[in-house]
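Enquirer:
Residue numbers (this note's numbering): 10 to 446.
#1: May I ask you to report which of helix, strand or coil DSSP gives residue 131?
#2: Please go through the region 59 to 92 and give each complete beta strand (DSSP E) segment of 3 or more residues, from N-terminal end onward.
#3: What's the C-alpha gap between residue 303 and residue 199?
#4: Does the distance from the C-beta atom of residue 149 to that of residue 81 stay below 9 Å?
#5: Using 10 angstroms around the beta-carbon of residue 370, count the other beta-carbons present and answer buried if the total reaches 16, otherwise exposed.
#6: Measure the C-alpha to C-alpha separation of residue 323 and residue 349 and round it to an integer number of angstroms.
#7: Could you have a look at residue 215 and say whether DSSP puts it in helix, strand or coil?
#8: Starting from residue 42, trace the alpha helix (DSSP H) both ways and give me its first and last residue.
#9: Would you call residue 128 buried or exposed, if buried means 16 or more other Cβ atoms sit within 10 Å of its Cβ?
#10: According to the Cβ coordinates, are residue 216 and residue 138 closer than 9 Å?
#11: What is the rounded straight-line gap between the Cα of residue 102 and the Cα of residue 88?
#12: When DSSP builds the beta bridges, which residues end up paired with residue 392?
#13: Residue 301 lies in the alpha helix (DSSP H); which residues open and close that run?
#14: Please report the straight-line C-alpha distance between residue 237 and residue 329, rounded to a whole angstrom.
#15: Closest to residue 90 by C-alpha separation, out of 108, 84, 109 and 114, would be which residue?
#16: For residue 130, which residues of its own chain have a beta-carbon under 7 Å away from its beta-carbon, when the five flanking residues on both sides are left out?
#17: Who pairs with residue 255 in a beta bridge, going by DSSP?
#18: Do you know whose CA, among 184, 132 and 23, lies nearest residue 366's CA?
#19: Could you tell me if residue 425 is buried or exposed, where buried requires 16 or more neighbouring beta carbons within 10 angstroms of its beta carbon?
#20: Can you give me the C-alpha to C-alpha distance between residue 171 and residue 191, rounded to a whole angstrom?
Below, the structure is given as structure tokens:
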């Protein structure tokens, strides 16, 4: 057996082990979720402030606001910050504000998403703040499900479930599968371990006072949502995942725009890892140093690149040897992929039709992600900055009658009045530790 063949078996053993552990943890999360729902069922919900930063979002801002204003929560405030748009974004938002006193529209010169959200935070009136992207739409019950977690004083942030709702093309279908696996396997597993690394901008809930004490979103990195998540974990608070709090988001519809998005995500991830590098395995950093950062480094970045590496080695062995020399590890790898996608689709209440795209996703999207990781490393070594790129919008494509449209069970009903939150733990009042600076 050649060195390449041995390497194949080693990599596939790592990938299968990773998949099995993730699946076991994701299934255990179902029990954790039921226990949390039972504890929060009778508790009144706190008031919610929704934060929306918008820059040239005239295509989707109306859908976003309509979905937010239809949410069943006892007290709701919606703050839209127009970040120097050149289109009708502010005009459309003001139309909603004229019709509904819960909506507040602010305008500022273009300063970026983090600055816009920080502007909004200063006007937040309720104990829970939820960020919603201006190209997203919330499913019914999303805000209530997010807010319910904050009756537990240990919780600092909660990540919602982000689903793709773009036009039905091959590229968006592949992203949909990727999102399903990322949310309903990886993020469920992270939640069980206490290692949720990102609260997404499309559906992220935060304890308002904690956000304000930590200084809000940082402009130091390109992934301000991950940066804030790390800060909250460093302050000693739990970060959870709520799979029934669903936000539909518009994905990139071209390979070029997908590349730009993923380069920003990956570059921002490396920036955050560098910013908080002194917290790795540092007991003073709590969950951040002992769980989140090691998990992100080993599980995400390292094993994330193992799949494409396996494909490259398998191809080289196939060209230099025979099919039988790669058959067993390749079949094991494919079987693992199918099992993971099938479970993710089931947990996410998606159509099984997505399984048909699994081989294509493996052959196309996985090497694409590997290329993004490689190019990000090159950019970092060359000290070449990656910047925000505004992606063109085509609008959400939501069809409730479609076979893959998820259903959201009505688990939580808003109470008649808003409830105050428990007192913040002392750690919330302290500044971010020096290792996070």
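C-beta atoms are modelled at their ideal positions from N, C-alpha and C, and glycine is treated no differently.
Expert: Quick answer:
#1: Residue 131 sits at position 122 when you count from the first residue of the chain shown. Residue state for residue 131 is assigned as coil, using DSSP reduced to three classes.
#2: Listed in chain order, the complete beta strand (DSSP E) runs (minimum 3 residues) inside the region 59 to 92 are 85 to 92.
#3: By one-based count along the chain shown, residue 303 stands at place 294. By one-based count along the chain shown, residue 199 stands at place 190. If you take the alpha carbons of residue 303 and residue 199, they lie about 12 Å apart.
#4: Within the chain shown, residue 149 is the residue found at index 140, counting from 1. Within the chain shown, residue 81 is the residue found at index 72, counting from 1. Yes, Cβ-Cβ distance for residue 149 and residue 81 is below 9 Å.
#5: Taking the chain shown and counting its residues from 1, the one referred to as residue 370 is at position 361. So residue 370 counts as buried.
#6: What you label residue 323 is simply residue 314 of the chain shown in a count that begins at 1. What you label residue 349 is simply residue 340 of the chain shown in a count that begins at 1. Those two C-alpha atoms are separated by around 21 Å.
#7: Counting from one through the chain shown, the residue named residue 215 turns up at place 206. Residue 215 falls in the strand class under three-state DSSP.
#8: Numbered from its first residue, the chain shown carries residue 42 at position 33. Start and end: 12 to 49.
#9: Position 119 of the chain shown, counted from the start, is the residue given in the question as residue 128. Only buried fits residue 128, as 16 or more other CB atoms lie within 10 angstroms of its CB.
#10: Numbered from 1 along the chain shown, position 207 holds the residue referred to as residue 216. Numbered from 1 along the chain shown, position 129 holds the residue referred to as residue 138. Yes, Cβ-Cβ distance for residue 216 and residue 138 is below 9 Å.
#11: Taking the chain shown and counting its residues from 1, one reaches residue 102 at position 93. Taking the chain shown and counting its residues from 1, one reaches residue 88 at position 79. One C-alpha to the other measures close to 10 Å.
#12: Against the chain shown, residue 392 aligns to sequence position 383. Its beta-bridge partners do not exist; DSSP assigns none.
#13: Locating residue 301 in the chain shown gives position 292, where the first residue counts as 1. Looking at the DSSP string, residue 301 is not in any alpha helix (DSSP H), and its letter there is neither H nor E.
#14: Working through the chain shown from its first residue, we reach residue 237 at position 228. Working through the chain shown from its first residue, we reach residue 329 at position 320. One C-alpha to the other measures close to 48 Å.
#15: Your numbering for residue 90 matches position 81 in the chain shown. Among 108, 84, 109 and 114, the Cα nearest to that of residue 90 is on 114.
#16: Taking the chain shown and counting its residues from 1, one reaches residue 130 at position 121. Result list for residue 130: 60, 138, 220, 221 and 225, in chain order.
#17: Translated into positions along the chain shown, residue 255 becomes position 246. 170.
#18: In the chain shown, the residue the question calls residue 366 occupies position 357. Comparing Cα-Cα distances from residue 366 to each of 184, 132 and 23, the minimum goes to 184.
#19: The residue given as residue 425 occupies position 416 in the chain shown. Note that residue 425 scores a pLDDT of 32, beneath 50, so its modelled location is shaky; the value from the coordinates is reported in the next line. By the 10 Å Cβ count, residue 425 comes out exposed.
#20: Taking the first residue of the chain shown as 1, we reach residue 171 at position 162. Taking the first residue of the chain shown as 1, we reach residue 191 at position 182. Residue 171 and residue 191 have their C-alpha atoms some 10 Å from each other.
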